[in-house]
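Participant: Top to bottom, those sequences are chains A and B. Going by our numbering, the first sequence opens with residue -18, and the numbers climb by one from there. Going by our numbering, the second sequence opens with residue -18, and the numbers climb by one from there.
Number of protein chains: 2
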Amino acid sequence: MIRFYNGLTLEPAGVTENEVWVDGSAISYVGPARADMPAFERQVDLKGDLLMPGFKNAHTHSAMTFLRSAADDLPLQDWLQKQVFPREKKLDAERVAAFTKVAFLEYLANGITACFDMYFYPDAFVQVAKDWGFRAIMCESLTSVTNDDPNRVYERYEKYNDMGPFVGYRLGFHAEYTNGIDAFKTVAEAAHRFKAPVWCHNSETKKETEECVAKYGKTPTALFDSLGMYDYGGGGYHCVYFTPEDMDIFAKRGCTAVINACSNGKLASGIFPLKLAVEKGVNLAVGTDGPASNNALDMFREMYLINITAKLREGDAAAGDPALILNAAVSGGARAMGLNDCDAVAAGKQADLVRIDMHRPNMRPVHNVVKNLVYSGDPSNVRMTMIAGVVRYEDGQFFVGEDPEDVYREAERLTKAIFEE
Amino acid sequence: MIRFYNGLTLEPAGVTENEVWVDGSAISYVGPARADMPAFERQVDLKGDLLMPGFKNAHTHSAMTFLRSAADDLPLQDWLQKQVFPREKKLDAERVAAFTKVAFLEYLANGITACFDMYFYPDAFVQVAKDWGFRAIMCESLTSVTNDDPNRVYERYEKYNDMGPFVGYRLGFHAEYTNGIDAFKTVAEAAHRFKAPVWCHNSETKKETEECVAKYGKTPTALFDSLGMYDYGGGGYHCVYFTPEDMDIFAKRGCTAVINACSNGKLASGIFPLKLAVEKGVNLAVGTDGPASNNALDMFREMYLINITAKLREGDAAAGDPALILNAAVSGGARAMGLNDCDAVAAGKQADLVRIDMHRPNMRPVHNVVKNLVYSGDPSNVRMTMIAGVVRYEDGQFFVGEDPEDVYREAERLTKAIFEE
């Protein structure tokens, strides 16, 4: 057992001075110091630091690290057609595994304990997650661009949901504009068969949304709902051009809108309508999107930008809500990913924990811990990241069974191969 | 002498593999390894890390750390009138010194080697700068709100520009809306007397800009220029509502627009017109503004947000320019502050240097060092900050002659006093 004491704890009800005990993969106790203490393998004096649940990166394409800083500041179509798609054609299982590892290192260094990923070569991806003990939920990436067979969702659903605590698979598809009606119907049927939620990129750009309305006479959300796609919940990534009616559908179906503020800014897609989503009572989560369109995998920056762009969108300094967005980045993401036992610091929950350094000057003075996290926190405040009771990152060192320098070297070698082929 | 070798160096012409030697307060050599090496006191193997010039925070109110996370998410006037002004009335020299120290620690941890500050109790402020060896240029904060005598600029100009290499004073005033025409005329006269540049908050909000036009029939910039205020240069902080004609005036006078993207977002003031400024050829610099309106003192976040909001403002993913903004955050700021010998890694320049950790995963792979810095860099990448040849921060430790914990304790005590008085 591991004991964390002499610090602050971010619990569902707020910040406390409780200590936290971890037994195996789970939290066994959260409360005041007790006389009847068990024997601990390790006792961590937090010295006033904060223990909080790990961030859940609720939308990403992890392996796209190989395109970081390789294709920026381009119009969206040039970026996709000229920079991204031709290089993605050169991917294989080995390359996806190598590039995923760079992202996982970044997640760990930044206090992220789980990701909701959409990409190619799922076997390679889940092997890294299992080997490193990192929680990785995959969303089906179905697209007609690569002639995927929609029926593969049946086999994948059963295969990847039977791989233990670190791996999961959710029904979905890439987006409306990259699929036809037959694919949507197949996914909707699978949702009913498995009583499962469905996910996809939704209303990310104005163009995509307008073209869907022109084609189907409905927004993407209304179209998917009309096919019974959300009868068991699910949600959308981006959701920038959601109408009030789209928000109503999401609220009614218990769906989650995943906000990707940095990506929406960098690709000039627009600003998520946070005020509208909150008014409509839509579940929220936070994602970085892939490192080619962000370019960091940093939930502090996401939380900051969501609040800042909400203020700019509304022209109102009172817009935004740091506590709500922190909750979205932690438990909202866990709920979206189906990781309902990884969402909070509470007895019985999985020990997916992050230690936040409160002795860096950006955290002082301490008027409000939550606002400090959202408005002035950054990755330099992450001292430790634990997943399922195992410390995977602490004080700059990684504990994943591989030397980060080997990971970087391999990723650089394989990146170079793609760019020079 | 200190030798930095086996890394990358950000020089004015680009990234090189040159080594850098520091002799006393200055850089003595930048170039390839040489056979005729002197005896070094310390040799730093950079192991592939990047050595770059320190960031110059070109607009801030350092001591406002005491209001960090104390007053957020409020409409601008409520924030100023109810949260900021009543508490600032309780400041004194001791408190300003204590709160300034927290900011200086954050600057050092974040790779910032100089700040352009505007606040109260200049003697207390400059004493911290001198004691800690931090470069602090003050801008005159003249305002009729506190009944300041405009003529004080004459005495202050001579006093604070005669205090050695770490302290300087620039003519200026708070803003148009907090001063009358007599103050402007006094400052303009002083500018002519000293042949000196003039600075102030300028066109930060739409309301302020429109009210100036209603009162004087001119934008703030046109008004100031008509009084001869910019005959020796200077510039403005924020400049969000600059017209094309305002930009023309700044370009003609060699003035600098200091961009404060985070503050302009958090207070919902608007987005700086970067595209227009670049088209007009205006000098640019970057500032964090004070920690009450940001809330971090982080130039990585500023550079990121400037580019992201430029893309959102123009609706164009190709807008923004990471190399230009990095240059503004380093040499643009040095130029604005009159620190012309602190702007670059080159022989003869002051050794104001930062070591960037290239072994954190957010910096990998390395397609483009500059884009990595601007789009995925964060304070966790700062391994060392050196000012005038002295290491002031390295690997989480501060070297300023005081224990950070003592600084935090004193700042918390004095903050509490202000809030409980």
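The beta-carbon is built from N, C-alpha and C at its ideal position, and this holds for glycine as well.
DSSP state of Thr81 of chain A, grouped into three classes?
Facilitator: Note: Thr81 of chain A maps to helix in three-state DSSP.
Participant: Measure from the alpha carbon of Asp359 of chain B to the alpha carbon of each residue in A:Met119, A:Lys292, A:Glu295, A:Met280, then state which is nearest.
Facilitator: Closest by alpha carbon: A:Met280.
Participant: Return the residue from the list A:Glu75, A:Lys71, A:Arg23 that minimises the CA-CA distance to Val388 of chain A.
Facilitator: With distances taken between Cα atoms, Val388 of chain A lies closest to A:Glu75.
Participant: Give the secondary structure of Asn183 of chain A by DSSP, where H, G and I count as helix, E and B as strand, and everything else as coil.
Facilitator: Strand at Asn183 of chain A.
Participant: Do we get a CB-CB distance below 7 Å when we pair Arg294 of chain A with the residues of chain B?
Facilitator: No, Arg294 of chain A does not count as interfacial toward chain B.
Participant: Whose C-alpha, out of A:Thr124, A:Cys96, A:Tyr141, A:Leu89, is nearest the C-alpha of Pro103 of chain A?
Facilitator: The shortest C-alpha separation from Pro103 of chain A is found at A:Tyr141.
Participant: What does a CB cutoff of less than 7 Å around Met228 of chain A pick up in its chain, not counting 5 residues either side in sequence?
Facilitator: Excluding residues within five positions, the ones whose Cβ falls inside 7 Å are Leu257, Ala258, Lys261, Val263.
Participant: Please report how far the alpha carbon of Trp180 of chain B lies from the alpha carbon of Leu152 of chain B, in whole angstroms.
Facilitator: Trp180 of chain B and Leu152 of chain B: Cα-Cα distance of roughly 6 Å.
Participant: Around the C-beta of Ala39 of chain A, are 16 or more other C-beta atoms found within 10 angstroms, so that it is buried, or is it exposed?
Facilitator: Under this definition Ala39 of chain A is a buried residue.
Participant: Against chain A, does Ala405 of chain B count as a neighbour if the rule is that its beta carbon must be under 7 Å from one of theirs?
Facilitator: Because chain B here runs from -18 to 402, residue 405 of chain B falls outside it and cannot be looked at.
Participant: Strictly below 7 Å CB to CB, what residues from chain B border Cys120 of chain A?
Facilitator: Here the premise fails: no neighbours, minimum Cβ distance about 23 Å.
Participant: So Lys37 of chain A and Ala266 of chain A are supposed to be a Cβ contact under 8 Å. How far apart are they, rounded?
Facilitator: Confirmed, about 7 Å.
Participant: What's the call for Arg49 of chain A, buried or exposed, on a 16-neighbour Cβ count within 10 Å?
Facilitator: Buried: at least 16 other Cβ atoms inside 10 Å.
Participant: Can you list, in chain order, the residues of its chain whose CB lies under 6 Å from that of Gly370 of chain B, leaving out five sequence neighbours each side?
Facilitator: The residues are Val3, Gly5, Ser6, Ala332.
Participant: Only counting the same chain, and skipping five residues up and downstream in sequence, which positions put a Cβ closer than 6 Å to that of Thr127 of chain B?
Facilitator: Nothing listed; no residue qualifies.
Participant: Could you pull out every residue in the same chain whose Cβ sits closer than 6 Å to the Cβ of Ser403 of chain A, ignoring the five residues on either side in sequence?
Facilitator: Any property of residue 403 of chain A remains undetermined from this structure, which presents chain A solely from -18 to 402.
Participant: Could you pull out every residue in the same chain whose Cβ sits closer than 6 Å to the Cβ of Phe222 of chain B, ignoring the five residues on either side in sequence?
Facilitator: Looking at the sequence provided, one finds Tyr at residue 222 of chain B rather than Phe. If we look at Tyr222 of chain B and ignore the five residues flanking it on each side, its Cβ neighbours are Ser184, Lys187, Thr190.
Participant: Identify whether Ala249 of chain B lies in helix, strand or coil by the three-state DSSP scheme.
Facilitator: Three-state result, Ala249 of chain B: coil.
Participant: I'd like the list of long-range same chain contacts for Asn353 of chain B, defined as Cβ closer than 7 Å, with 5 residues on each side in sequence excluded.
Facilitator: Taken in chain order, the residues that qualify are Met344, Val347.
Participant: On the criterion of 16 or more Cβ atoms from any shown chain inside 10 Å, does Pro254 of chain B qualify as buried, or is it exposed?
Facilitator: By the 10 Å Cβ count, Pro254 of chain B comes out buried.
Participant: Measure the Cβ-Cβ separation of Arg364 of chain B and Leu32 of chain B and say whether it is below 7 Å.
Facilitator: Going by C-beta atoms, Arg364 of chain B is not nearer than 7 Å to Leu32 of chain B.
Participant: I'd like to know whether the C-beta of Gly198 of chain B is nearer than 7 Å to at least one C-beta of chain A.
Facilitator: Gly198 of chain B does not count as touching chain A.
Participant: May I ask you to report which of helix, strand or coil DSSP gives Met228 of chain A?
Facilitator: Here Met228 of chain A sits in helix by DSSP.
Participant: Which bits of chain B does Phe47 of chain A rub up against, with CB to CB less than 7 Å?
Facilitator: Within 7 Å Cβ-Cβ: Pro346.
Participant: Using three-state DSSP, classify Arg151 of chain A as helix, strand or coil.
Facilitator: It is a strand residue.
Participant: For Pro56 of chain A, go through chain B and note every residue whose CB falls closer than 8 Å to its CB, in chain order.
Facilitator: Near Pro56 of chain A (Cβ distances below 8 Å), the residues of chain B are Asp297, Ala298, Ala299.
Participant: In the structure shown, what three-state DSSP assignment does Gly5 of chain A receive?
Facilitator: Here Gly5 of chain A sits in coil by DSSP.
Participant: Per the DSSP calculation, Asn38 of chain A is bridged to which residue(s)?
Facilitator: According to DSSP, which records beta bridges pairwise, Asn38 of chain A is partnered with A:Cys96.
Participant: Between Leu286 of chain B and Ala242 of chain B, is the Cβ-Cβ spacing less than 7 Å?
Facilitator: Cβ atoms of Leu286 of chain B and Ala242 of chain B: closer than 7 Å.
Participant: Just how far apart, CA to CA, sit Ala117 of chain A and Phe147 of chain A?
Facilitator: When rounded, the distance between both Cα atoms is 6 Å.
Participant: For Glu283 of chain B, count neighbouring C-beta atoms within 10 Å of its own C-beta (all shown protein chains included) and say buried if the count is 16 or more, exposed if not.
Facilitator: Looking at its Cβ environment, which holds 16 or more other Cβ atoms inside 10 Å, Glu283 of chain B is buried.
Participant: Give the interface partners of Trp60 of chain A over in chain B, defined as CB-CB distance under 8 Å, in chain order.
Facilitator: Within chain B, the residues near Trp60 of chain A are Ala298.
Participant: In the DSSP assignment, find the unbroken alpha helix (DSSP H) run with Val355 of chain B in it and report its ends.
Facilitator: Segment: none, Val355 of chain B is in no alpha helix (DSSP H) and carries neither H nor E.
Participant: Taking only beta-carbon atoms, is Asp270 of chain A less than 7 Å away from chain B?
Facilitator: No - not a single Cβ of chain B is within 7 Å of the one on Asp270 of chain A.
Participant: Tell me, please, which residues DSSP counts as bridged to Ala156 of chain B.
Facilitator: Answer is B:His182.
Participant: Can you tell me which of A:Glu192, A:Asp98, A:Val372 puts its alpha carbon nearest to the alpha carbon of Gly271 of chain A?
Facilitator: Cα-wise, what sits closest to Gly271 of chain A is A:Asp98.
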